[in-house]
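No gaps in the numbering here: position 193 of the sequence shown is 192 in numbering that gives the first Met the number 0, and each next residue is one more.
Virtual Cβ for every residue (Gly too), placed ideally from N, Cα, C.
The model shown is predicted, which means the values in this text are computed figures rather than measured ones.
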Amino acid sequence: MPGFTISEFAGKLSAFGLASPNKFKIEFQGIPVGLNDRQLDFMCEQVDIAGRSVQSVMNLEYGIRREIAYNAPAYNPLNLTFICTGDFKEKRILDQWNNLIVDSTNGFDVAYYDTYAKNCSLTITSLKQDGKTDAFSITYKEVYPKSVQSIQLNHSTQNTVLRVNAEMQYAFFETDDIRTPQSQPPSTRNPHSG
């Protein structure tokens, strides 16, 4: 097959456009602390679309050695950056949520998973060039803040805003194209799957 031409490349660009990294929206659902006022949604400045990897092991049978897949996929943690408002509301929400997991005010008791993660989700939607139309959507299920990073204060820094970074852990994700059997309509489920 011969190589592509410039006109073919230009045709693809005119038909589909290019994805933009600065047109996106996020939405948390089921945060177990604070008010459901979408503060984190509005103040999110940066977010990753996390990847996943297939776990593999070397097949040591006779002949050519191959890496073969096994078990469930491994999901990469998710990093988010939030702009801080004057009363540090974003940090307060993240700290309260993180403290719910291991409560430092109550003997460092570890909470049940259902309390801090089971009903929590985060949907990230990348938007098309018009800034309104959805291009790609990914939903992280059973999400919780594994770590909330430090914020550095500095007398010599001026005319900037503070940001707080959080590393989110989650059980799995779904996209527009990848759905778990529980989220599919009954008519499309595989009858042979558990």
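Residue range of the unbroken beta strand (DSSP E) whose run includes residue i
i, result
"Ile82", "Leu77 to Ile82"
"Lys145", "Tyr143 to Val147"
Where residue i falls, given that 16 or more other Cβ within 10 Å makes a residue buried
i, result
"Val101", "exposed"
"Ala165", "buried"
"Arg89", "Looking at the sequence shown, residue 89 is not Arg but Glu. Glu89 should be labelled buried."
"Tyr115", "buried"
"Tyr143", "buried"
"Val147", "buried"
"Lys11", "exposed"
"Tyr139", "buried"
Bounding residues of the alpha helix (DSSP H) (the contiguous stretch that carries residue i)
i, result
"Thr174", "Note, Thr174: premise wrong, no alpha helix (DSSP H); beta strand (DSSP E) at Phe171 to Thr174."
"Tyr115", "Tyr112 to Tyr115"
"Asp94", "Lys88 to Ile100"
Residue i - partner residues in DSSP beta bridges
i, result
"Thr122", "Glu26 and Thr138"
"Glu166", "Asn78 and Ser146"
"Val109", "Val101"
"Asp133", "Leu126"
Cβ distance (whole Å) where residue i is taken to contact residue j below 8 angstroms
i, j, result
"Gly16", "Lys131", "Their Cβ separation, rounded to whole angstroms, is 14 angstroms, which puts Gly16 and Lys131 out of contact at 8 angstroms."
"Asp175", "Ser136", "5 angstroms"
"Phe81", "Leu34", "About 16 angstroms; that fails the 8 angstroms criterion."
Requested in this report: Starting from the N-terminal side, write out each stretch of the beta strand (DSSP E) that is 3 residues or longer and does not extend beyond the segment 6-70.
Outcome: 23-28, 43-46, 55-58 and 65-68
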